[in-house]
Structure formats: C-alpha cells, structure tokens
Amino acid sequence: MLSSPLLIHNSLSRKKEEFHPLKPPFVGLYVCGPTVYGPPHLGHARSAITFDIVYRYLKKLGYRVRYVRNITDVGHLENDSDEGEDKILKRAKVEQLEPMEIVQLYMNKYHGEMDKLNILRPGIEPRATGHIPEQIKLIEKILSQGFAYCVNGSVYFDVIKYSQHHPYGILSGRKLDELLSGDEERELEGQKEKRNPVDFALWKKANPEHIMRWDSPWGEGFPGWHLECSVMSTKYLGLPFDIHGGGMDLLFPHHECEISQSQAGSDTAPVKYWMHNNMITINGQKMGKSLGNAIGLEEFFSGKHPLLERSYPPMTIRFFILQAHYRSTLDFSNAALIASEKGLKKLLQAKKLIVQINPSQKSTRDIKKWLDECYLVMNDDFNTAQLIACLFSAASWIYSSAENKETFTSADLILLKNSFELFFTEILGLKEETEPTNDKYLDGLMSLIIELRNNARKNKDYATSDAIREKMKELSIQLEDGKEGTRWVL
RNA sequence: GGUCACGUGGCCGAGUGGCUAGGCACGGGUCUGCAAAACCCUCAACGGGGGUUCGAUUCCCUCCGUGACCUCCA
Numbered sequence: 002m003l004s005s006p007l008l009i010h011n012s013l014s015r016k017k018e019e020f021h022p023l024k025p026p027f028v029g030l031y032v033c034g035p036t037v038y039g040p041p042h043l044g045h046a047r048s049a050i051t052f053d054i055v056y057r058y059l060k061k062l063g064y065r066v067r068y069v070r071n072i073t074d075v076g077h078l079e080n081d082s083d084e085g086e087d088k089i090l091k092r093a094k095v096e097q098l099e100p101m102e103i104v105q106l107y108m109n110k111y112h113g114e115m116d117k118l119n120i121l122r123p124g125i126e127p128r129a130t131g132h133i134p135e136q137i138k139l140i141e142k143i144l145s146q147g148f149a150y151c152v153n154g155s156v157y158f159d160v161i162k163y164s165q166h167h168p169y170g171i172l173s174g175r176k177l178d179e180l181l182s183g184d185e186e187r188e189l190e191g192q193k194e195k196r197n198p199v200d201f202a203l204w205k206k207a208n209p210e211h212i213m214r215w216d217s218p219w220g221e222g223f224p225g226w227h228l229e230c231s232v233m234s235t236k237y238l239g240l241p242f243d244i245h246g247g248g249m250d251l252l253f254p255h256h257e258c259e260i261s262q263s264q265a266g267s268d269t270a271p272v273k274y275w276m277h278n279n280m281i282t283i284n285g286q287k288m289g290k291s292l293g294n295a296i297g298l299e300e301f302f303s304g305k306h307p308l309l310e311r312s313y314p315p316m317t318i319r320f321f322i323l324q325a326h327y328r329s330t331l332d333f334s335n336a337a338l339i340a341s342e343k344g345l346k347k348l349l350q351a352k353k354l355i356v357q358i359n360p361s362q363k364s365t366r367d368i369k370k371w372l373d374e375c376y377l378v379m380n381d382d383f384n385t386a387q388l389i390a391c392l393f394s395a396a397s398w399i400y401s402s403a404e405n406k407e408t409f410t411s412a413d414l415i416l417l418k419n420s421f422e423l424f425f426t427e428i429l430g431l432k433e434e435t436e437p438t439n440d441k442y443l444d445g446l447m448s449l450i451i452e453l454r455n456n457a458r459k460n461k462d463y464a465t466s467d468a469i470r471e472k473m474k475e476l477s478i479q480l481e482d483g484k485e486g487t488r489w490v491l
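As structure tokens, this is what we get:
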C-alpha cells in the first residue's frame, strides 16, 4: 500500500526524514501528557489529536504501535518566588481536597473530554507517582556516572560536566555559553544550591508543608519534572525508542533534559524521531491562563465562555484542529470554527451519499489516483490539511454525481466508499456528532410526518407544510425537499 | 537582550522557483411553491524594500510586525 515513503519532521534535525522504525514492524510512540491540576483546554486537545493521528496512521500502515502517554501527577514547583508553590498542592488548597483527589478529578475530566473528541486511548498511560522507585534508580545511575551532585537532600544534574562529554542543547539548538551568559538577575528557588544556574533538579527535598513526598536515599522529597518521562518512556518502549512527541513548549528545557538524562545514565540517545506540535492562538493572541483566554474544552462544548458566541461540538473542534498542519500555529476564532463546522457537515453528508450513487459504465474520475494522493499527503509529515482538501474534492464529485455530472463504475464506487471511510473515519477519526439512529419508531414517525406534509404540499396547503417544517426545525430535525423526495437530517 | 519560527485573498488555512490547494463568507445564476441542500460561475493573496535568476509568493539580505522558548512552566 505504501507507494511513497512516510516522512516525519524530526525536531532533532529540523528536517523531514524517512521513517524507519528501529525494530519493524514495531513502533514505540511516547507522548507527553497533561499535568492534571486543571481542566483540559484547547492546547491539550491539539497535542492529543496530533498524536492520535500519528497513532492511527501508523497502525493503518501496518505497524504495530505501542503508544504510551503519561499523566504527570506530581505537582512540581511553580513561580519564581522563594516559597515556590506546587501546582497540585495549590489547587488542593483552593478546592480543599487531597492532592490525589485533585489528580483524580482532573484526570477523569481529561479522559472524558478526550473521549468526546474521539481520541483513542494510549496502550499504556503511566503516572509519575507510580514510578518513583524507577526514578530513584535512574538518579543513582546518573550520580554514579558523575553527572549529578547532592546538596541538602536534593540532587541536581550537572550540565557543565555533562557538556564536557556530550553535546548539550542538540534538540533546542541552544548553546551553553549563551545560556550561561543570560539573565543573571533571576533569583530562583533553590538556585543557591545549584552549582550553576543551568543545572536542573533530579530530586527535590520536600519542605515540611509539602504533602506529596517519598523516601529516597537523599531523604524525603519528590522527583524532578523531567525525570518521569525519561523513566517511563524507556521502561515501556526500551532504549532507544522510535518517536517522542509533545508540544513545542516542551522542547526546552523538558525534552533537552530528557536527552541529557538518558545520555548521562545509559550513554544512549533515547529517541530517534522527535515530533512537536505547535501552539494555539486565540484571536491572534497567545493562549494562556494569565491572559484569561485559555478556553476549556468543556466550555467549548457548552458554549459557556465570554469569548464564545455559541457552543461547538467536539467533532467541530477536532475537524478545526485537523484543518491546519500540526507544526503551524492555529488561530482560533468563532468565525473559523463556524466555517469548520459547515465544512465538516458537507463531508459527512457526502459520505452518506456515496451509497446512493447509481453505478455507470465508466468513471469520470480516477479514484485510484485520488487514493494515491491521499496517501501521498499523509506520508508527507501527516498533512491532514491537504488530506481534507482531497476529501473535499471527492465530496464535490459525489455531489455532482447526484446530478449525473460525474459517473462511477460500481468497482470505483466501492473503492471510493472504502477509501473515504478509511481516511475520514478511521485515520482522521471524524464521525457523526450523534450516532445515526437505528430507531425504527423514529424512522416510522418521520416517514409518516413527511407523507402527511407532502400531501399538504400536493394540495398547495403551504401554510401547513411550512408549519410542519418549522416545528421539525425547532426539534433540530431538518426537512429537505429534493428531486427524489423529502429527506430528513438530524 | 539571546535563540528559533512565522507573516498568504474578507476570515481560517495548505503549498510551490514558472503550470498559483481547500474550506467558510460575499456576489451572480440553476433547481425549488418557498426554504434548505446541492450544482455552476465570479471575486480575490502571498508584510515593506533590496538582491540572485530568463522568471520569486517560494532562495538570500534587510526593515517592520507577530509568536514561542530562555531552567522547573502544557
């Protein structure tokens, strides 16, 4: 099936590279999941959808994919003040809950919203708190290699020492001397303990008020943020593994640190292909909590947010995100979402119409060529935007064939139907918002209503027929009078 | 300040050294009792200024603008 090679943009080389798994047909895919301390927002959706596509497409290409996406359930310190507040603890205080209740609450929410967006769940979803012993083990390994040091019950990674043996900054393109000469004015928590500001924590000593804490050889504390991904990715995927994904904001320092930790601990570059999805902007502006424009997914679905003119169903959000390439920034606006919704509706309708086309002696379009094109654009670094354009041109043929402007042989119709199903439903993961009703009562009632209304139309009693159509519309059932009779759409 | 991206028609968004996606909106038409849907047609772009080239939206330089990251923050 694979007529052209799959190209993946590797952040490491900043180029598109041919994809060759380390151990075909197996592929290891690790994606940085959410820190569960708040409701999931549009940014979470973009990352999850991006790699959902990667997962689905690789599987369709015949690879056996082990997909791991972590849940970060350790709080990690935030803000630059001396106290350094822990996100999850902070939230726990606000909501008067146990930290683990916070974690569970938002993890459940995350799963719920991702399900609505038709995002396949990963094969393994490891949590940081479930891998403390493994993290301690890696710290010990790094310490024994001499790339880390202990201070007052905390352990820091020695970036300077590391850079003397391995190149530091290969992923983010950062140069150590530039980092060193940067911003000296910052007074960060724990900075005094570090030998150098560029060093990062592998293990942090827990203050007395810190609730999430574990025993370690260095005293009670909690693991540094970057460590969990190093540990959990390689535990389940081996070292090295094929693809590591995440948002672009994680490129530095998070992923850079992951590389350093693996190199320091095992002298191995952990990942063959690094993939990063771009960010979302809202009305041209960065989306961020501090700006008050981080719209939660729940708010999209309900429409309850000052920036939203109305509600948007999950499939509209999904389609909207897929209409842009994952490495481009995507600008959200009400107008853009409404446009997406209409476009999606058109494709859904086209998909349903395929079976109604009568076969002809010959085809006016080359379906095989079209199918190749679908693969070609997806093979070009998962270009879902172009794939959708391909689907739209097929949709246009489908609509035209209803007016006999295009014709297809029965073989081509089957190919078209199966291909549309494959790319639209299985690879892009798009579907009808409400499942098609297999409700015989509803079907029966609707045909009765349509019959009655058409009788009224025959008698030119348009007052009645229009009233029925109005009432149906209020129930969000749309009646459309076509040449072949009246059809109804939910 | 440093590093790296980006700037495409009314809006969103692909892509390319010459043949310039797609969606939505707008306008005109066909169909229809009317609507809706659909179809056809039209409209329209590559931030400014230089350069390379037979030719640049696509390559280089510069300016302007926007964004991301810069150590615990998806």
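Numbering (our numbering), first residue to last: 2 to 491.
Glycine included, each C-beta is placed from N, C-alpha and C at the ideal position.
Setting aside the 5 residues that flank it on each side, Pro-35 is surrounded in the same chain by His-45 and Tyr-111, each with a C-beta closer than 6 Å to its C-beta; the list follows chain order. Under the DSSP assignment, Asn-278 falls in the beta strand (DSSP E) whose first and last residues are 272-278. Between the segment 236-244 and the segment 21-30 there are three or more C-beta pairs closer than 8 Å, enough to call the two in contact.
Across the set Thr-269, Val-152, Gly-76 and Met-276, the C-alpha of Met-276 shows the shortest separation from the C-alpha of Tyr-56. Taking the CA atoms as reference points, Lys-142 sits about 34 Å from Leu-59. Non-local C-beta neighbours of Glu-299 in its own chain, meaning closer than 7 Å and more than five positions away in sequence, comprise Pro-40 and Glu-114, ordered along the chain.
In the three-state DSSP reduction, Ser-155 falls in the strand class (E or B).
Taking all protein chains in view, the Cβ of Val-160 is crowded by 16 or more other Cβ atoms within 10 Å, so the residue is classified as buried. When Phe-333, Ser-5 and Ala-395 are compared, the shortest CA-CA separation from Gly-285 is found for Phe-333. Per DSSP, reduced to three states, the secondary structure at Ile-260 is helical. If only uninterrupted alpha helix (DSSP H) runs of at least 4 residues are considered, those enclosed by the segment 116-182 are 133-145, 160-164 and 177-182. Every alpha helix (DSSP H) stretch that sits fully inside the segment 282-350 and reaches 4 residues is listed by chain position as 298-303 and 315-323. For His-10, the closest C-alpha among the options Tyr-442, Phe-383, Leu-392 and Val-490 is that of Phe-383.
Excluding five sequence positions before and after Asn-153, the CB atoms of its chain that fall closer than 8 Å to its own CB belong to Glu-194 and Lys-206, given in chain order.
Assigned with DSSP and collapsed to three states, Phe-20 falls in coil, not helix or strand. DSSP, reduced to helix, strand and coil, places Gln-357 within a helical segment of the structure shown. Around the Cβ of Ala-336, a 10 Å sphere holds fewer than 16 other Cβ atoms; the residue is exposed.
Shortest Cα-Cα distance from Leu-251 to any of His-211, Ser-48, Ala-325 and Lys-370 involves Ser-48. In the three-state reduction of the DSSP assignment, Phe-425 falls in the helix class. Here Glu-86 carries a strand assignment [DSSP, helix/strand/coil]. The segment 443-453 and the segment 397-406 do not touch, with fewer than 3 CB-CB distances between them shorter than 8 Å. Only exposed fits Thr-365, as fewer than 16 other CB atoms lie within 10 angstroms of its CB.
The bridge partners DSSP lists for Asp-74 come to none. Looking at Ala-390, Thr-435, Ile-451 and Asp-440, the one whose alpha-carbon comes closest to that of Phe-425 is Ala-390.
By the criterion of a C-beta distance shorter than 8 Å, Arg-67 is surrounded in its chain by Phe-27, Val-28, Gly-29, Leu-30, Gly-124, Ile-125, Tyr-237 and Leu-238, once the five residues flanking it on both sides are discounted. The beta carbon of Tyr-327 lies closer than 6 Å to those of Thr-51 and Asn-278 in the same chain, with the five residues before and after it left out. By the C-beta density criterion, Pro-168 is exposed, having fewer than 16 other C-beta atoms within 10 angstroms. Per DSSP, Gln-387 is one residue of the alpha helix (DSSP H) stretching across 385-403. Asn-455 has its alpha-carbon roughly 39 Å from the corresponding atom of Leu-118. Under the three-state reduction of DSSP, Tyr-68 is assigned to strand.
Contact annotation, Glu-475 with Pro-314: C-beta distance approximately 19 Å; criterion of less than 8 Å not satisfied. Excluding sequence positions up to five before and after Thr-130, its CB lies within less than 7 Å of the CB of Asp-74 and Val-75, all in the same chain and listed in chain order.
Judged by beta-carbon spacing, Ile-283 lies beyond the 9 Å limit of Phe-301, meaning their Cβ atoms are not closer than that value. In this structure, the CA atom of Glu-18 is about 10 Å from the CA atom of Ser-12.
Non-local C-beta neighbours of Ile-103 in its own chain, meaning closer than 8 Å and more than five positions away in sequence, comprise Val-37, Tyr-38, Ile-89, Arg-92, Ala-93 and Glu-96, ordered along the chain.
Residue pairing from DSSP places His-245 in a beta bridge opposite Tyr-31 and Trp-275.
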